[in-house]
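Inspection log for the structure reproduced underneath, given as structure tokens.
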Amino acid sequence: MEIDINRLDLEFQAKIDSGKTIEPKDWMPEKYRKTHIRQISQHAHSEIVGMLPEGNWITRAPSMRRKVTLLAKVQDEGGHGLYLYSACETLGISRDELFEQLHSGKAKYSSIFNYPAVTWADMGAVGWLVDGAAIMNQVMLTRTSFGPYARAMVRICKEESFHQRQGFEIMLSLCNGTAVQKHMAQESLNRWWWPSLMMFGPRDEESTHTEQAIKWKIKLKTNDELRQQFVDQTVPQIELLGLELPDPAIKWNEERGHYDFGAIDWDEFWRVVGGNGPCNRERLSARKEAWEKGAWVREAALAYAEKQESLREAV
Ligand code: 3HC
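Laid out in structure tokens, this is it:
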């Protein structure tokens with residue numbers, strides 16, 4: 037019996053338009069499945085690569101309280117990766133394939149994690165700006181059309197808001213501290229501001245996937261809309277910290293009802309996305325090393341599971 041793909045496509049789009057959630061067992065266009073594997077896997081890769089710059093600071097945190105908080109955050113990120121890899125596997129791809137795509141460079145992860153975290157203030161700026169930007173995007177994704185992705189986002193957003201607050205609190209402590217500490221916070225803001233704006237992706241007119249993503253309610257806002265929302269929310273926070281704005285072009289535009297801001301260096305963005313950022317090689321080799329060193333754990337866990345299975349079957 038010939039399957040009428042056109043009819044199925046039309047019925048699928050009607051389901052999306054009616055606000056229904058798509059579940060893994062539902063019929064879906066192959067392109068819908070593939071773009072979710074692409075986006076969810078890159079989101080998951082971002083979570084686990086994102087553990088690296090912060091993990092480096094756990095042993096160097098300035099107090100036990102800061103150490104415990106950072107440890108909890110980094111552990112959360114690993115859990116976020118787990119939820120997202122699991123959501124991705126519902127689309128028919130294995131964990132091993134996902135990691136092979138990361139290690140071979142076929143799959144991307146967020147450009148932001150290819151920048152070095154060089155001072156303790158970076159732990160503040162990363163929590164405040166990077167997790168803040170991630171939340172902006174992820175709150176939108178709690179209403180994305182693919183069920184497992186949307187549900188994973190609900191738990192992740194709750195934990196991200198703790199991440200953002202602890203980052204802002206680090207910045208506030210530094211800004212209320214000595215002149216040297218405040219300078220460290222300012223220098224960190226200046227370094228992380230532009231890469232944080234780049235997290236939202238290329239300009240809408242250069243975005244490969246946005247048009248279809250909006251049609252399929254994968255995205256409910258465009259890259260530029262979320263970026264603008266982030267700037268509008270963050271500028272008052274910078275002023276509350278008593279720090280200088282990292283972009284002299286930032287200015288409230290009454291007519292637009294938004295902050296105007298300066299031009300993003302898109303050459304830098306594509307250079308980092310293309311693998312030539314400050315830390316791309318270091319991050320990828322750290323991930324490959326972790327994968328190789330973790331092989332024995334995976335083998336032991338799989339052997340145990342197989343043993344348990346054979347004992348169950350023997351009963
Ligand atoms: N870093 C790396 N690659 C990026 C990028 C970025 N910041 N922004 C866009 N790209 C890539 C896209 O992946 C795409 O390449 P591909 O076709 O090879 O996948 C290309 O640039 C064109 O960009 P588009 O805007 O057309 O791509 P999308 O429609 O996928 O939009 C996105 C990009 C907004 C990042 C979207 O993929 C998305 O919302 N992803 C889910 C959220 C996510 O991944 N966030 C990453 C941060 S998670 C995090 O920070 C962890 C937190 O705990 C701190």
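Under the working numbering, the first residue of the sequence shown is numbered 37, with each subsequent residue one higher. The beta-carbon is built from N, C-alpha and C at its ideal position, and this holds for glycine as well.
Can you name, in chain order, every residue of its own chain whose Cβ lies under 7 Å from the Cβ of residue i, other than the five neighbours on each side?
i	result
Trp252	Ile52, Tyr68 and Ser181
Asn92	Ala153
Arg319	Val85, Leu88, Phe149 and Asn150
Ala123	Ile76, Pro184, Tyr185 and Ala188
Phe297	Val267, Asp283, Ala285 and Ile286
Can you tell me where the alpha helix (DSSP H) with residue i in it begins and where it stops?
i	result
Lys67	Glu66 to Val85
His199	Gly183 to Cys211
His139	Arg131 to His139
His219	Ala215 to Met234
Val104	Met100 to Glu125
Gly330	First-last for Gly330: undefined, no H or E at that position.
Pro314	It is not in any alpha helix (DSSP H) - Pro314 carries neither H nor E in the DSSP assignment.
Glu261	Asn259 to Leu277
Asp167	Asp167 to Leu177
Ile41	Ile41 to Asp53
Arg307	Trp302 to Val309
Trp249	One detail in the question is off: residue 249 reads as Ala in this sequence, not Trp. Start and end: Thr246 to Lys251.
Using the rule of at least 16 other Cβ atoms within 10 Å of the residue's Cβ for burial, across every protein chain shown, is residue i buried or exposed?
i	result
Met235	buried
Gly117	buried
Trp332	exposed
Ile192	buried
Val309	buried
Leu106	buried
Asn42	exposed
Lys142	exposed
Arg292	exposed
Gln75	buried
Val104	exposed
Leu44	exposed
Trp164	buried
Ala80	buried
Leu347	exposed
Thr246	buried
His18	Residue 18 lies beyond the range of the chain shown here (37 to 351); nothing can be said about it.
Arg96	exposed
Thr270	buried
Val110	buried
Arg263	buried
Any heavy atom of the ligand MN within a distance shorter than 6 Å of the CB on residue i?
i	result
Ala249	Because the ligand MN does not appear in the structure shown, any question about it cannot be addressed here, the ligands present being the ligand 3HC.
Consider the C-beta atom of residue i and the heavy atoms of the ligand 3HC; say whether any pair is separated by less than 6 Å.
i	result
Met207	no
Gly86	yes
Gly237	yes
Ala97	no
Thr246	yes
Asn259	yes
Thr123	What sits at residue 123 in the sequence shown is Ala, not Thr. For the ligand 3HC, not one heavy atom lies less than 6 Å from the Cβ of Ala123.
Asn173	yes
Gln75	yes
Lys144	yes
Val110	no
His81	no
Ser181	no
Asp167	yes
Glu113	yes
Pro309	This sequence places Val at residue 309; Pro is not what is there. Yes; taking the cut-off as 6 Å, the Cβ of Val309 has a heavy atom of the ligand 3HC nearer than that.
Ala186	no
Ala161	no
Ala153	no
Ala170	yes
Ser197	no
Ser140	no
For the beta strand (DSSP E) that residue i lies in, which residues bound it at each end?
i	result
Tyr295	His294 to Asp296
Trp156	Trp156 -> no beta strand (DSSP E), and no H or E assigned at all.
Trp288	Lys287 to Asn289
Leaving out five residues before and five after residue i in sequence, what residues of the same chain have Cβ atoms less than 6 Å from its Cβ?
i	result
Pro152	Pro314 and Cys315
Arg266	The sequence as given places Phe at residue 266; Arg does not occur at that position. Only Ala169 and Met172 meet the Cβ criterion.
Asp112	Glu195
Which same chain residues end up closer than 8 Å to residue i when comparing Cβ atoms and leaving out the 5 residues on each side of it in sequence?
i	result
Ile250	Leu256 and Thr258
Gln174	Met189, Ile192, Cys193 and Glu196
Gly115	Glu195
Ile206	Arg102, Trp156, Ala157, Met159, Gly160, Gly163 and Trp164
Gln273	Trp164 and Phe204
Pro282	Leu225, Asn226, Trp229, Trp230 and Ile274
Ser147	Pro231, Met234, Met235, Phe305, Val308, Val309 and Gly313
Ala221	Ala157, Gly160, Ala161, Met207, Leu210, Cys211, Leu277 and Leu279
Ile129	Ile73 and Ser77
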